[in-house]
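J.: What follows is a single structure, and I will ask about it in a moment.
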Amino acid sequence: MKRVLIRDLNKYLNKQVLIYGWVEGIRKLGKLKFFIIRDRSGQIQGVCDKEIENLDKLEKASVVKIFGKVKEETQAPKGIEILIEKVEILNLPKATLPFEYYRDLSLLNLKLDMLLDYRPLSLRNKKIGNIFRIQAGIIKIYREFMEKNDFLEVHTPKIVSSGTEGGSQLFKVEYFDRVAYLAQSPQFYKQMLVGAGFERVYEVGFVYRAEDHETSRHLNEYLSLDLEMGFIEDENDVMDLEVKFLKYLFRYLRKKYQEVLKEYNIELEEIREIPRIPFYEGKEILKKEYNKEILGDDLTPEEERLLCEYSLNKYGTNFVFVTKFPRNIRPFYTMPDNNPTYSRGFDLLYKGMEVTTGSQRIHDYDMLLESIKYFGYNPENFKFYLEIFKYGMPPHGGLAIGAERLTCQILNLKNIREASLFPRDRYRLVP
RNA sequence: GGGCCCGUAGUGUAGCCUGGAUAAACACGUCGCCCUGUCACGGCGAAGAGCGCCGGUUCAAAUCCGGUCGGGCCCGCCA
0 MKRVLIRDLN KYLNKQVLIY GWVEGIRKLG KLKFFIIRDR SGQIQGVCDK
50 EIENLDKLEK ASVVKIFGKV KEETQAPKGI EILIEKVEIL NLPKATLPFE
100 YYRDLSLLNL KLDMLLDYRP LSLRNKKIGN IFRIQAGIIK IYREFMEKND
150 FLEVHTPKIV SSGTEGGSQL FKVEYFDRVA YLAQSPQFYK QMLVGAGFER
200 VYEVGFVYRA EDHETSRHLN EYLSLDLEMG FIEDENDVMD LEVKFLKYLF
250 RYLRKKYQEV LKEYNIELEE IREIPRIPFY EGKEILKKEY NKEILGDDLT
300 PEEERLLCEY SLNKYGTNFV FVTKFPRNIR PFYTMPDNNP TYSRGFDLLY
350 KGMEVTTGSQ RIHDYDMLLE SIKYFGYNPE NFKFYLEIFK YGMPPHGGLA
400 IGAERLTCQI LNLKNIREAS LFPRDRYRLV P
């Protein structure tokens with residue numbers, strides 16, 4: 000007999016079926032017994048009022064093979080249920096469950112630490128698992144969108160000889176008799192591949208940051224959705240593309256992940272335009288509207304939150320691009336603006352958090368060399384990167400989206416670790 | 001790297017400030033018995049922690065103090 004997935008049971012009314020799954024609930028009312036069975040596709044109630052071999056051995060989290068008849072039943076949770084006729088036990092749990100993963104999360108009231116310590120088990124919880132179902136959707140759509148726009152998917156090395164900026168936030172790895180590092184960004188490689196004639200490339204890959212911090216929005220290993228495109232006029236072309244992507248993404252999520260969004264109580268906005276506020280104007284807005292005058296060249300998390308609030312009030316969107324960041328807080332490859340204090344670098348903030356960084360890059364060899372020196376680096380270290388710039392590099396730019404951050408903000412999660420299957424942070428190396 | 005907070009049965013909490021009376025209470029889970037339409041099933045009963053760890057103060061410490069380990073949040077920095 001062939002296995003039927005639980006979501007397809009309604010096609011088998013009054014027929015004998017075989018299902019596989021986990022037992023998630025047991026309710027015994029004397030001789031009448033109910034079992035909630037779950038497989039990857041859904042849940043179904045099984046019922047039995049006879050003495051059947053193995054039936055009383057079942058515990059929660061047992062793995063079973065169940066034969067039975069599908070029947071309509073108004074009293075069943077989903078309108079149908081399965082009359083259990085035969086039970087085969089494939090595996091029984093060997094220990095008490097640390098928590099009742101099959102219950103409603105709000106009843107469990109578990110600490111994130113617990114969920115992460117028992118990650119595979121906590122992922123069995125539908126609501127938690129759904130974070131990764133929707134994340135897979137986000138990545139799928141990213142790929143689909145990139146392909147539609149004629150980008151080539153590439154995979155760049157994760158073991159590299161030097162970082163894209165300094166070297167302070169890199170993980171060292173032993174590479175035979177040399178020191179190598181884990182890539183903190185595919186930056187150099189994606190630019191080189193633009194110059195390699197591909198023009199448009201994108202990558203979905205882990206990047207590594209050895210930053211010694213412990214916050215709800217940082218991971219030491221995170222999934223970066225990168226893209227780099229040649230023959231642009233300026234950074235606005237890159238932002239235009241991202242807006243198009245986000246519209247496409249939200250439309251898809253609203254359609255395919257309705258249930259998940261509802262479960263998380265999310266109403267995804269209809270994106271029209273995303274305002275682009277130059278850095279210095281942003282600072283002025285903060286001063287005028289919120290009476291916040293924070294010194295410094297960068298935006299603090301509080302300022303980022305306020306700018307999003309401003310954007311929501313004024314433009315009706317949770318998104319806002321902050322453009323023309325001061326040059327000296329952006330990496331050396333960022334194209335300076337007409338006013339050289341500023342750059343053609345931008346961030347995209349969403350619901351108060353930075354989810355993207357991008358810019359137009361410097362494509363002129365001499366200018367790039369100048370910039371490397373201006374930032375105090377040794378051009379010798381970047382020889383492999385600079386090479387292609389000697390042979391006709393087109394004007395180009397690109398960006399990187401933090402996949403976990405985007406997931407986190409879409410679902411309004413509190414901690415970015417919730418959006419990572421097996422997060423690597425300052426203290427967590429297992430599971 | 002800086003600041004603040006937390007650590008009690010399998011899980012989530014109460015107790016701690018204002019030390020003591022039966023060496024710890026409640027809920028969920030677990031185990032046993034009962035229950036033929038449950039769906040956070042219900043009823044009755046039971047087991048399960050000596051309060052992260054080490055040390056100190058005290059006649060007396062889960063409660064006060066010090067250290068240590070583990071965890072959380074914020075900031076710097078970043079996606």
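With numbering that gives the first Met the number 0 applied, the first sequence corresponds to residues 0 to 430, in that order. All residues carry an ideal CB built from backbone N, CA and C; glycine is no exception.
As an exercise, report each continuous beta strand (DSSP E) stretch of at least 3 residues that is fully enclosed by the stretch 211 to 264, in chain order.
T.: Fully enclosed beta strand (DSSP E) runs of 3 or longer: 220 to 229.
J.: Taking DSSP as the reference, what is the three-state secondary structure of K323?
T.: If DSSP states are grouped into helix, strand and coil, K323 belongs with coil.
J.: Please list the terminal residues of the continuous alpha helix (DSSP H) segment that includes R118.
T.: R118 to L122 is the extent of the alpha helix (DSSP H) around R118.
J.: Where does V3 sit, in a helix, a strand or coil, going by DSSP?
T.: Coil, per DSSP.
J.: Considering R304, what are the terminal residues of the alpha helix (DSSP H) in which it resides?
T.: Taken as a continuous stretch (DSSP letters only), the alpha helix (DSSP H) holding R304 covers P300 to Y314.
J.: At the level of alpha carbons, what is the spacing between D236 and E198?
T.: So the alpha carbons of these two residues sit roughly 14 Å apart.
J.: Can the beta-carbon of V200 be found closer than 7 Å to that of E227?
T.: Contact: yes.
J.: Hey, could you find the ends of the alpha helix (DSSP H) I65 is sitting in?
T.: Where I65 is concerned, there is no enclosing alpha helix (DSSP H), although the beta strand (DSSP E) it sits in stretches over V62 to E71.
J.: When DSSP builds the beta bridges, which residues end up paired with Q359?
T.: Q359 is bridged to G396.
J.: So, at 7 Å on beta carbons, what are the nonlocal neighbours of Y100 in its own chain, with the 5 sequence-adjacent residues on each side left out?
T.: Once the five neighbours on either side are set aside, the close Cβ partners of Y100 are L120, S121, R123 and N124.
J.: Quick one: what's got a C-beta closer than 6 Å to N53's C-beta in the same chain, skipping five residues either side?
T.: Excluding sequence neighbours, N53 sits near V86 and I88.
J.: Helix, strand or coil for I270, going by three-state DSSP, please let me know.
T.: Here I270 sits in coil by DSSP.
J.: Residues in its own chain within less than 7 Å of E353 by CB, not counting five upstream and five downstream?
T.: Closer than 7 Å at Cβ, skipping near neighbours: E303 and D346.
J.: Does the separation of the CB atoms of A402 and L267 fall below 7 Å?
T.: Going by C-beta atoms, A402 is not nearer than 7 Å to L267.
J.: Following the continuous beta strand (DSSP E) through L410, name the residue where it begins and the one where it ends.
T.: Segment A402 to L410 is the alpha helix (DSSP H) holding L410; no beta strand (DSSP E) there.
J.: Report the rounded CA-to-CA distance for N411 versus Y141, giving the unit in angstroms.
T.: Each residue's Cα considered, the two are about 20 Å apart.
J.: Within its chain, find whatever has a CB closer than 8 Å to the CB of Y174; leave out the 5 residues flanking it on each side and keep chain order.
T.: Correct list, in chain order: I158.
J.: Indicate the three-state DSSP secondary structure (helix, strand or coil) for G166 in the structure shown.
T.: At G166 the pLDDT is 47, less than 50, meaning the model places this residue with poor confidence and gives no usable figure here.
J.: For F455, count the other beta carbons within 10 Å of its own beta carbon; 16 or more makes it buried, fewer makes it exposed. Which is it?
T.: It is not possible to answer for residue 455, since the shown part of the chain is limited to 0 through 430.
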